[in-house]
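Asker: If you scroll down you'll find the structure; I have some questions about it.
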Amino acid sequence: MTLLDPGGAAFLGRGAARLADWLTPAYYEGVWLLQAAYLTTLGLLLATALLGIIALLLNVRMRRAEQDSAALRKRWEPLLLDVVAGDQAPEVLALTVQPDDRLEFLRFAMSFSLVLGGESRARLVRAAAPHLPRIAGLVQHREPVRRAFAIRLLGALGGRDQVPPLQAALGDSSPFVALAAAASLARTGAPAEAYAYDITGVLERFDAFGTAAVASMLTEHGLGLRAALIDTLADATRSDAARVAAAEALRRLGDVGAAEVAAQLLTSTPRREVGAAALRLLRAVGGPAHAPLVRSFVTTYDPVLRLHAVAALSALGTVADIPHLRRALDDESVWVAVRAAHGLRELGARDTLKHLAASPHPRARLAAQMLAS
Amino acid sequence: MIAPVFSGRASRRALLAEDDAATAAVLAHLLTRKQLSVSRCSDGQTAAERLAHQAFDLVLAGANLPGVNGLDLLRTLARRAPDSRPPVILLAWPGNDALLAQAFREGAAEVLVRPFSLVEVGARIERLIVPAEAVTS
Chain A
35 MTLLDPGGAA FLGRGAARLA DWLTPAYYEG VWLLQAAYLT TLGLLLATAL
85 LGIIALLLNV RMRRAEQDSA ALRKRWEPLL LDVVAGDQAP EVLALTVQPD
135 DRLEFLRFAM SFSLVLGGES RARLVRAAAP HLPRIAGLVQ HREPVRRAFA
185 IRLLGALGGR DQVPPLQAAL GDSSPFVALA AAASLARTGA PAEAYAYDIT
235 GVLERFDAFG TAAVASMLTE HGLGLRAALI DTLADATRSD AARVAAAEAL
285 RRLGDVGAAE VAAQLLTSTP RREVGAAALR LLRAVGGPAH APLVRSFVTT
335 YDPVLRLHAV AALSALGTVA DIPHLRRALD DESVWVAVRA AHGLRELGAR
385 DTLKHLAASP HPRARLAAQM LAS
Chain B
9 MIAPVFSGRA SRRALLAEDD AATAAVLAHL LTRKQLSVSR CSDGQTAAER
59 LAHQAFDLVL AGANLPGVNG LDLLRTLARR APDSRPPVIL LAWPGNDALL
109 AQAFREGAAE VLVRPFSLVE VGARIERLIV PAEAVTS
């Protein structure tokens, strides 16, 4: 029997009739369990269909918003480029933005503001100025992500007049928003000295973000933050993470004046992370006068401090320090030994490395690799 | 100091390889104002292919391009003879001093760290290319 012969057609007809029965509530009358299953299935089917329709509508709405945004950006871009190049007045661009499109315009302008500096950025800031009040409400939004976005907009497109609201946002209940405010202050063009202690005063709030991220943010403010960073590094009441971030920022800024603070810190038995940060700082900004202090850490009990002391001595030491680094090559920590091998190369001790490489010394291979690299 | 390159063609051409849309738009606009015809792409692989088949008077390339990055492009160009090697301006984001040092070691003519002033970028570009009058005369 196939579905095409008369028997098959009859079979299909019976199947359709049975299905129609199953879909009829009267079919289950008196069998309460089947009735409940029927109603549940029907409810689930309806809910699925409803969710599908909602998802479809949201998708259409999102696509339409993207298309509208792309069209607006396409319209603004040529004029914006003329404005930042100085061929058009910023006010002309500002006038093309409709009240409903203000947030979209600020979002668009922000992507250019992060790229531009000097007069080009100043012209962009002038074009955005009439529309910035639009985001005043967003700064108070209940969602931290929205608040952080508004803060970033203020920093990217605001001038020095935005420093007070950004300073206030450093105390936001969300550390994420506070970090955005700290980073945004660097974009306002205000001298960092004006708000330096406001930022370093809340560094503990950023402990969870990691040293590299916080130090990057601090470095963007330039040397105007220098005094506040040195005070943070020297202050034993501050958290280790805050002091390490301050040391790392001073290292990246190449602040020679921070070397003395780092040296003093090392004489006061610092905790491991702070001591290591001070040694890294000394390697970058210290001088020969700091070599004896650094040398005393080459044999300290803590392998992390030994590692950074060996690295610092490699930069600050002289040929007279070659024997110290040679001994560090025997260190029980392989990391200290590797750093010592690098140090010997930095100090030009190729003969020492060659001698080691040719000997049955357990680290002979390391010396050979250092010579070959 | 890198000497300006003269490609011998009537119009001057620049290759702009950058994946950040705002940076690319701003620089393309500036290059066009400087009377350079601009070939734009947003990935290093395409940039490498265009460099292999076309002559350019100037290359601006993002240091962090996906796939083949700006430093890779520099290394590719370093294999060419100096007189057929266009000057390269590498585009970087702040906070990567090691990259800056490496870029100059690999032969970058300039490194532009964002945010940059268009006046400054314009002056740097002019330093690296032969003036339009010299090409057309």
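In the order they appear, the protein sequences are chains A and B. Taking the working numbering, the leading residue of the first sequence gets 35, the next gets one more, and so forth. Taking the working numbering, the leading residue of the second sequence gets 9, the next gets one more, and so forth. A virtual CB, placed ideally from N, CA and C, is assigned to each residue, including glycine.
1. Nearest-angstrom Cα distance between A/A25 and A/H342?
2. Cβ closer than 8 Å: which chain B residues qualify as neighbours of A/T130?
3. Give me the residue from A/R141, A/A161, A/Q196 and A/A156 with the minimum Cα distance to A/R180.
4. Between the region 256-272 of chain A and the region 227-238 of chain A, are three or more C-beta pairs nearer than 8 Å?
5. Out of B/E134, B/R20 and B/A29, which has the shortest C-alpha to C-alpha gap to B/L73?
6. Would you say B/G78 lies against chain A (beta-carbon separation less than 8 Å)?
7. Quick check on B/M9 - is its C-beta less than 8 Å from some C-beta in chain A?
8. Does the CB of A/H152 have a neighbour CB from chain B at under 8 Å?
9. My output table needs one value for A/L381: the three-state DSSP class, helix, strand or coil.
10. Run the CB neighbour count on A/D134, radius 10 Å, all protein chains shown included, and call it buried at 16 or more, exposed below.
11. Drop a sphere of 10 angstroms on the beta-carbon of A/R361, count the other beta-carbons inside from all chains shown, and report buried for 16 or more, exposed for fewer.
12. Alpha carbon to alpha carbon, how far is A/V328 from A/V319? Give it in angstroms, no decimals.
13. Drop a sphere of 10 angstroms on the beta-carbon of A/E282, count the other beta-carbons inside from all chains shown, and report buried for 16 or more, exposed for fewer.
14. Here's the rule I'm using: 16 or more other beta-carbon atoms within 10 Å means buried, otherwise exposed. How should B/E57 be labelled?
15. How about A/A345 and A/L315: do their beta carbons lie closer than 8 Å?
16. So, with DSSP's three-state summary, where would you put B/A11?
17. Would you verify that the beta carbon of A/S145 is, or is not, closer than 8 Å to some beta carbon of chain B?
18. Please go through the region 333-378 of chain A and give each complete beta strand (DSSP E) segment of 3 or more residues, from N-terminal end onward.
19. Under 8 Å, CB to CB, which of the residues in the region 247-262 of chain A have a partner in chain B?
20. Cα-Cα, which of A/D265, A/L191, A/A312 and A/G288 is closest to A/V278?
21. Looking at C-alpha atoms only, which residue of A/D265, A/T245 and A/L92 is the closest neighbour of A/Y231?
22. Terminal residues of the continuous beta strand (DSSP E) containing A/I169?
23. Using 8 Å as the threshold, is the region 381-394 of chain A in touch with the region 54-70 of chain B, meaning 3 or more CB pairs across them?
24. Against chain A, does B/R21 count as a neighbour if the rule is that its beta carbon must be under 8 Å from one of theirs?
25. Distance, Cα to Cα, B/D110 vs A/T130?
26. Give me the residue from B/Q53, B/D27, B/A71 and B/R20 with the minimum Cα distance to B/L39.
27. Determine the direct distance from the alpha carbon of A/A202 to that of B/A11, and round the result to whole angstroms.
28. What does B/L38 touch in chain A if you count any residue whose Cβ is under 8 Å from its own?
29. Taking a contact to mean a Cβ-Cβ separation below 8 Å, would you say B/L85 touches B/L59 in this structure?
30. Below 8 Å between beta carbons: does that hold for A/L16 and A/G189?
31. Going along chain A in order, which residues have a C-beta closer than 7 Å to the C-beta of B/S125?
32. Closer than 9 Å by beta-carbon distance: list the chain A residues that pair up with B/E118, in chain order.
33. What is the DSSP secondary structure of B/S145, counted as helix, strand or coil?
34. Just curious, the beta strand (DSSP E) that B/E118 is in, first and last residue?
35. How about B/A131 and B/A100: do their beta carbons lie closer than 8 Å?
36. Which of the three DSSP states, helix, strand or coil, is assigned to A/G47?
Answerer: On the basis of the coordinates in this document:
1. The structure shown does not extend to residue 25 of chain A, since chain A spans only 35 to 407, so no value can be given for it.
2. Against the first sequence, residue 130 of chain A aligns to sequence position 96. Simply none; closest approach about 17 Å.
3. Taking the first residue of the first sequence as 1, we reach residue 180 of chain A at position 146. For A/R180, the closest of A/R141, A/A161, A/Q196 and A/A156 by C-alpha to C-alpha distance is A/R141.
4. Between the region 256-272 of chain A and the region 227-238 of chain A, the count of C-beta pairs closer than 8 Å reaches three or more; the two stretches touch.
5. Residue mapping note: residue 73 of chain B aligns to position 65 of the second sequence, counting from 1. When C-alpha distances from B/L73 are compared across B/E134, B/R20 and B/A29, the shortest belongs to B/A29.
6. Here residue 78 of chain B corresponds to residue number 70 of the second sequence, with the count starting at 1. Taking Cβ atoms only, chain A never reaches closer than 8 Å to B/G78, which makes this a no.
7. Walking along the second sequence from the start, residue 9 of chain B turns up at place 1. Because the pLDDT at B/M9 is just 43, under 50, the model does not fix this residue reliably, and the value given afterwards should be weighed accordingly. B/M9 does not count as touching chain A.
8. Translated into positions along the first sequence, residue 152 of chain A becomes position 118. The question names His, yet the displayed sequence has Gly at residue 152 of chain A. With 8 Å as the cut-off, A/G152 counts as an interface residue toward chain B.
9. Within the first sequence, residue 381 of chain A is the residue found at index 347, counting from 1. Note: A/L381 maps to coil in three-state DSSP.
10. As a first step, residue 134 of chain A is located in the first sequence; it is residue number 100 there, counting from the start. Under this definition A/D134 is an exposed residue.
11. Position 327 of the first sequence holds residue 361 of chain A. It counts as exposed.
12. One-based indexing of the first sequence puts residue 319 of chain A at position 285. One-based indexing of the first sequence puts residue 328 of chain A at position 294. Note on geometry: alpha-carbon atoms of A/V319 and A/V328 lie some 13 Å from one another.
13. As a first step, residue 282 of chain A must be located in the first sequence, where it is residue number 248. By the 16-neighbour rule on beta-carbons within 10 angstroms, A/E282 is buried.
14. The count along the second sequence starts at 1 and reaches residue 57 of chain B at position 49. Counting other Cβ atoms within 10 Å of its Cβ, B/E57 stays below 16 and is therefore classed as exposed.
15. Taking the first residue of the first sequence as position 1, residue 345 of chain A is located at position 311. Taking the first residue of the first sequence as position 1, residue 315 of chain A is located at position 281. Not closer than 8 Å, so no.
16. Translated into positions along the second sequence, residue 11 of chain B becomes position 3. Low confidence applies to B/A11: its pLDDT is 46, below 50, so where it sits in the model is not reliable enough to give any reading.
17. Position 111 of the first sequence, counted from the first residue, corresponds to residue 145 of chain A. It does; some Cβ of chain B falls within 8 Å.
18. Residue ranges of uninterrupted beta strand (DSSP E) with 3 or more members are absent from the region 333-378 of chain A; none lies entirely inside it.
19. Residues S250, T253 and E254.
20. As a first step, residue 278 of chain A is located in the first sequence; it is residue number 244 there, counting from the start. Distances from the CA of A/V278 to each of A/D265, A/L191, A/A312 and A/G288 were compared; the closest alpha carbon is that of A/A312.
21. Walking along the first sequence from the start, residue 231 of chain A turns up at place 197. Taking A/Y231 as reference, the option from A/D265, A/T245 and A/L92 with the minimal CA-CA separation is A/D265.
22. Translated into the one-based positions of the first sequence, residue 169 of chain A becomes position 135. No beta strand (DSSP E) contains A/I169, which DSSP labels as neither H nor E.
23. By the Cβ criterion, the region 381-394 of chain A is not in contact with the region 54-70 of chain B, since fewer than three pairs of Cβ atoms, one from each stretch, lie closer than 8 Å.
24. As a working mapping, residue 21 of chain B is identified with position 13 in the second sequence. Taking Cβ atoms only, chain A never reaches closer than 8 Å to B/R21, which makes this a no.
25. Start at 1 with the first residue of the second sequence, and residue 110 of chain B comes out as number 102. Start at 1 with the first residue of the first sequence, and residue 130 of chain A comes out as number 96. Rather than Asp, the amino acid found at residue 110 of chain B in this sequence is Gln. Each residue's alpha carbon lies about 44 Å from the other.
26. By 1-based counting over the second sequence, the position of residue 39 of chain B is 31. Here the closest residue by C-alpha is B/R20.
27. For the purposes of this step, residue 11 of chain B is taken as residue 3 along the second sequence, with counting starting at 1. For the purposes of this step, residue 202 of chain A is taken as residue 168 along the first sequence, with counting starting at 1. Only weak support is given to the placement of B/A11: the predicted model assigns it a pLDDT of 46, under 50, and the question is left unresolved by the model.
28. On the second sequence, position 30 is the one that residue 38 of chain B refers to. Ordered by position in chain A, the residues that pass the 8 Å Cβ test against B/L38 are A119.
29. Locating residue 85 of chain B in the second sequence gives position 77, where the first residue counts as 1. Locating residue 59 of chain B in the second sequence gives position 51, where the first residue counts as 1. Result yes, Cβ atoms of B/L85 and B/L59 sit closer than 8 Å.
30. One cannot answer for residue 16 of chain A here, as it falls past the ends of chain A, which runs 35 to 407.
31. Within the second sequence, numbered from 1, the residue matching residue 125 of chain B stands at position 117. Listed along chain A are G151, G152, E153 and S154, each with a C-beta nearer than 7 Å to that of B/S125.
32. Translated into positions along the second sequence, residue 118 of chain B becomes position 110. By Cβ distance, chain A contributes nothing, its closest Cβ being about 15 Å from B/E118, past 9 Å.
33. Position 137 of the second sequence, counted from the first residue, corresponds to residue 145 of chain B. Residue placement at B/S145 is flagged as unreliable, the pLDDT there being 47, under the threshold of 50; a coordinate-derived value is accordingly withheld.
34. For the purposes of this step, residue 118 of chain B is identified with residue 110 of the second sequence, where counting begins at 1. Where B/E118 is concerned, the enclosing beta strand (DSSP E) stretches over E118 to V121.
35. In the second sequence, residue 131 of chain B corresponds to position 123, counting from 1. In the second sequence, residue 100 of chain B corresponds to position 92, counting from 1. Inclusion of B/A131 and B/A100 in the CB contact set at 8 Å is not warranted, their separation being larger than that value.
36. Taking the first sequence and counting its residues from 1, one reaches residue 47 of chain A at position 13. DSSP, reduced to helix, strand and coil, places A/G47 within a helical segment of the structure shown.
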